[in-house]
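The sequence shown: position 196 = 196 (full-length UniProt numbering), numbered continuously.
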Amino acid sequence: MGLVEFLQGIMFTILPLLSIIALWIGSLYDQRFANIVYKLHLLRLGLTHMLFSKDRKWEKQPDSESVKAEETKEIIFIRHGESKWNLVFNKGFGTDFPGRLGHALLEEAKESITLDSVFVDSPLSDEGCEQAQGLKKFIEDGSEGTSAILKGMEGESVIVSSNLRRALSTCTIGLWERLQRTQEKIHILSCLQEVTFNIDGVALAKPHGYPELAHEELHGFGMTKENFKPERYYNAQANEGDKPVNSHGIDRIKEFAAWCFERDEPTIIAAGHSLYFRYFF
């Protein structure tokens with residue numbers, strides 16, 4: 001091996017290692033470096049999910065029609081608004097796809113030193129925030145039936161949400177007037193985390209913590225990162241953090257069902273995800 005090849009080997013092996021060590025040392029003294037290290041950890045976790053997750057694979061379950069119901073609960077499902085991940089990947093791969101992807105990558109780079117992200121725990125897009133505002137208007141304009149329940153004006157109900165930001169933001173924006181009236185909190189449940197192996201389904205929030213909502217999401221209910229107090233609006237006791245790589249979605253679905261029947265309220269208002277919710281039908 002010549003000197004040039006030897007030096008190239010050093011560059012491709014030692015320099016990345018030194019960079020990682022430098023980032024780790026920097027994270028001990030500067031929160032920006034700590035954010036980078038944590039997001040790199042989440043990216044690694046997300047790639048592991050994409051390669052090895054079996055979250056959407058499980059044994060066939062008993063037919064619900066054959067199961068005798070001794071007790072029932074009413075669940076009102078709220079599917080989150082459009083996320084930035086949806087904006088990039090769910091609108092086709094035509095001529096405008098490279099532009100959408102490029103814009104998302106640029107935004108991700110700008111947020112690299114923060115705990116915000118476009119791809120990891122993808123937040124609501126501008127259209128998603130508008131959809132959440134539409135939910136808010138639908139609830140507040142109604143006075144009977146489901147609207148009355150969602151407003152907290154009829155019967156007893158409890159509000160829960162997935163630990164992913166797009167669901168939590170949709171729920172917070174849509175039910176904002178109720179939260180102000182009743183002073184109740186949204187229960188963050190990790191068992192409501194989406195059934196997926198994509199990186200947008202990796203949770204930013206640590207166990208018993210709150211996810212850092214994106215600026216656009218906070219603006220949806222008139223808040224900023226400086227004045228928003230998540231502990232006022234969220235109960236994170238049941239947030240166990242990100243789902244394990246070896247998890248199966250059906251286990252979380254059963255855990256959520258058990259949680260519902262442990263509650264005294266006859267109605268559960270659940271904000272979450274389409275792939276997860278469809279297994280109830």
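Glycine included, each C-beta is placed from N, C-alpha and C at the ideal position.
- For Val158, the enclosing beta strand (DSSP E) begins and ends at 157 to 162.
- When DSSP states are grouped into helix, strand and coil, Ile173 belongs to the helix group.
- In the DSSP assignment, Arg79 falls within the unbroken beta strand (DSSP E) covering 74 to 79.
- Annotation: the continuous beta strand (DSSP E) that includes Ile269 extends over 267 to 272.
- Residue state for Leu189 is assigned as strand, using DSSP reduced to three classes.
- For Tyr234, DSSP records a beta bridge to Ile186.
- Shown here, Ser83 sits in a strand according to DSSP, grouped into three states.
- A straight line joining the alpha-carbon of Phe281 with that of Phe256 spans about 15 Å.
- DSSP lists Ser83 as the beta-bridge partner residues of Leu124.
- CA-CA distance, Leu51 to Leu40, rounds to 17 Å.
- Taking the C-beta atoms as reference points, Arg252 is found no nearer than 9 Å to Cys171.
- Judged by their CB atoms, Ser147 and Ile186 are not nearer to each other than the 9 Å cut-off.
- Counted as a single uninterrupted DSSP element, the alpha helix (DSSP H) harbouring Asp251 occupies residues 249 to 262.
- For Ala203, the secondary structure class from DSSP, reduced to helix, strand or coil, is coil.
- The Cβ-Cβ distance between Gly81 and Ser125 falls below 9 Å.
- Under the three-state reduction of DSSP, Asn35 is assigned to helix.
- Taking all protein chains in view, the Cβ of Glu194 is crowded by 16 or more other Cβ atoms within 10 Å, so the residue is classified as buried.
- Boundaries for Lys243: no alpha helix (DSSP H) harbours it, and the DSSP string shows neither H nor E there.
- One thing to note: Gly201 has its Cβ no nearer than 9 Å to the Cβ of Leu175.
- The residue from Trp85, Leu135, Asn235 with its alpha-carbon nearest to that of Glu177 is Leu135.
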